[in-house]
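Notes follow once the structure below has been shown.
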Amino acid sequence: MGIARDDKDMRQDWVMRGFRQFDAPVSIVLTFDKVLEAGAVCHFDMGAICFGIVLGAWERGLGCVINSQGIMQSQVVREVTGIPEDQNIMTCIAMGYPDGSFSANGVRSRREDTDDLVHFVGFED
Ligand SMILES: Cc1cc2nc3c(=O)[nH]c(=O)nc-3n(C[C@H](O)[C@H](O)[C@H](O)COP(=O)(O)O)c2cc1C
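Have a look at this one:
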């Protein structure tokens, strides 16, 4: 990131960026009605919605970061956005046009092989 190890201010700023939604121009906060809280189905649905938003955005040239850190101070998020108390705040998504020259955007994580994660039954090789 070009941040020196002993540069405390910049290191702190790096941490704060997560709370600032990485300074992205758009922040989407996903919430669900508290009456849906019992059981895990609404959490499952929120994951699907989140995934759909990220893929749809990417298709249109927009980058996203699903960002749990962005709602850690949920009371602040609630205050700023006016999200009512009958809504549970699930997560948020930072969205914007990706900057390819920004070092963090060049990070590529390794993937586990599909065969190590999925057990296929009834399919021939
Ligand atoms: C549920 C969830 C929560 C995440 N929370 C954060 C976060 O708080 N801060 C962050 O920088 N990235 C967060 N991410 C994004 C991941 O760090 C990572 O960028 C994303 O999963 C894609 O990276 P990958 O290619 O390594 O999977 C989150 C992702 C998911 C799915």
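Heads up: the sequence shown is residues 1318 to 1442, going by this note's numbering. Even glycine gets a Cβ: it sits at the ideal position worked out from N, Cα and C.
Query, Result
"C-beta contact flag for C1381 and A1411 at 9 Å", "yes"
"Beta carbon proximity, G1378 to chain C, threshold 9 Å", "The structure shown contains no chain C; it holds only a single protein chain."
"Three-way DSSP call (helix, strand, coil) for G1319 in this model", "coil"
"Span of the beta strand (DSSP E) around Q1404", "Q1404 to G1413"
"S1344 - DSSP class collapsed to helix/strand/coil", "strand"
"Own chain, CB closer than 7 Å to Q1390, minus 5 neighbours either side, in chain order", "F1336"
"As assigned by DSSP and simplified to three states, the class of I1366", "helix"
"Integer-rounded CB distance, given that C1409 should sit under 8 Å from Q1338", "7 Å"
"Cβ-Cβ distance between V1343 and G1413 below 9 Å", "yes"
"Short Cβ contact (9 Å threshold) for V1394 with V1352", "no"
"Span separating the alpha-carbon of H1436 from that of D1430", "12 Å"
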